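Visitor: Numbering (my numbering), first residue to last: 86 to 171.
(1) Okay, do the stretch 94-106 and the stretch 124-142 touch, 3+ Cβ pairs below 8 Å being the bar?
(2) When the Cα of residue 133 is compared with those of 163, 147, 143, 169, which residue comes out closest?
(3) Could you tell me the distance, in whole angstroms, from the CA atom of residue 124 to the CA atom of residue 86?
(4) Excluding the five sequence neighbours on either side, which residues of its own chain have a C-beta within less than 6 Å of the C-beta of residue 166, listed in chain order?
(5) Have a look at the DSSP bridge pairing and note the partners of residue 95.
(6) Out of curiosity, what's the CA-to-CA distance linking residue 110 and residue 157?
(7) How many whole angstroms separate the CB atoms of residue 135 and residue 116, which I take to be in contact at a CB cut-off of 8 Å?
(8) Any idea which residues DSSP pairs residue 103 with across the strands?
(9) What first and last residue would you give for the beta strand (DSSP E) that runs through residue 139?
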């Protein structure tokens with residue numbers, strides 16, 4: 086099977102949220118991928134491989150390059166699943 090996934094996760098803005106962090110939260114991330122599934126005697130088994138097509142890159146503070154203003158996305162390319170999905 087093939088798939089396309091898009092979405093974002095965000096919360097409310099606080100006094101500690103920078104403009105760069107707030108802008109990054111509102112961006113949609115997207116990925117595409119392929120996978121295989123098999124109904125085994127143990128239950129459904131699935132293996133999927135995904136590739137990000139739109140992701141958040143890390144944004145560093147210009148005054149301190151060791152401190153990120155916006156953390157980059159942590160990429161999970163391979164997923165193995167046992168059991169049903171929802």
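Positions of the beta carbon are idealized from the N, C-alpha and C atoms, including for glycine. Source: prediction; values computed, not measured.
Guide: Quick answer:
(1) no
(2) What you label residue 133 is simply residue 48 of the chain shown in a count that begins at 1. Closest option to residue 133, Cα to Cα, is 163.
(3) Taking the first residue of the chain shown as 1, we reach residue 124 at position 39. Taking the first residue of the chain shown as 1, we reach residue 86 at position 1. Computed Cα separation, rounded: 14 Å.
(4) Taking the chain shown and counting its residues from 1, the one referred to as residue 166 is at position 81. Excluding positions up to five away in sequence, the list reads 131.
(5) Taking the first residue of the chain shown as 1, we reach residue 95 at position 10. In the DSSP output, where bridge partners are listed per residue, residue 95 has none listed.
(6) Along the chain shown, read from residue 1 onward, the residue named residue 110 stands at position 25. Along the chain shown, read from residue 1 onward, the residue named residue 157 stands at position 72. Taking the straight line joining both Cα atoms gives about 11 Å.
(7) As a working mapping, residue 135 is identified with position 50 in the chain shown. As a working mapping, residue 116 is identified with position 31 in the chain shown. Contact annotation, residue 135 with residue 116: C-beta distance approximately 5 Å; criterion of less than 8 Å satisfied.
(8) In the chain shown, residue 103 corresponds to position 18, counting from 1. Paired residues: none, contrary to the question.
(9) In the chain shown, counting from the first residue as 1, residue 139 sits at position 54. Here the beta strand (DSSP E) through residue 139 covers 128-139.
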